[in-house]
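Per full-length UniProt numbering, the sequence shown starts with residue 1, numbered consecutively.
Here is the structure we will look at, set down as structure tokens.
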Amino acid sequence: MTTRLEHNVADTRYEIYHDDVLAGYADYAEREDPKVRDFHHTMTFPEFRGRGVAAEVVKYGLDDSREHGYQIVPTCWYVEKYIAEHPEYAELVP
Numbered sequence: 001m002t003t004r005l006e007h008n009v010a011d012t013r014y015e016i017y018h019d020d021v022l023a024g025y026a027d028y029a030e031r032e033d034p035k036v037r038d039f040h041h042t043m044t045f046p047e048f049r050g051r052g053v054a055a056e057v058v059k060y061g062l063d064d065s066r067e068h069g070y071q072i073v074p075t076c077w078y079v080e081k082y083i084a085e086h087p088e089y090a091e092l093v094p
């Protein structure tokens, strides 16, 4: 199975594909002053649950946000939990 991660800027979300099928995504809202991304929803489609899809797409979104100088508001419970379990992302939360 091949996995592909993409930043869908037009739809303000990070997407994960397994064998070219959308497996899940993490939505966000963005502000530029200050640079903040509010991750408000993470979705894994039922047939892909239990495979770490949400963790992969959230990690990708957090890494990309960090690289581009954004702070994170973890409105989504899953993103909040992920950050709590991965303290290397704690400094992204204002």
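Just so it is clear, CB atoms sit at the ideal spot from N, CA and C, and this is done for glycine as well.
Computed from a predicted structure; not experimentally measured.
Contact check for phenylalanine 45 and alanine 23: beta-carbon distance about 6 Å, within the 8 Å limit, so the pair qualifies. If you draw a straight line from the Cα of aspartate 63 to the Cα of isoleucine 83, it is about 12 Å long.
Residue burial annotation: proline 74 is buried, with at least 16 other C-beta atoms found within 10 angstroms of its C-beta. Here alanine 29 is exposed. Its C-beta has fewer than 16 other C-beta atoms within 10 Å.
In this structure, the CA atom of glutamate 15 is about 9 Å from the CA atom of valine 58.
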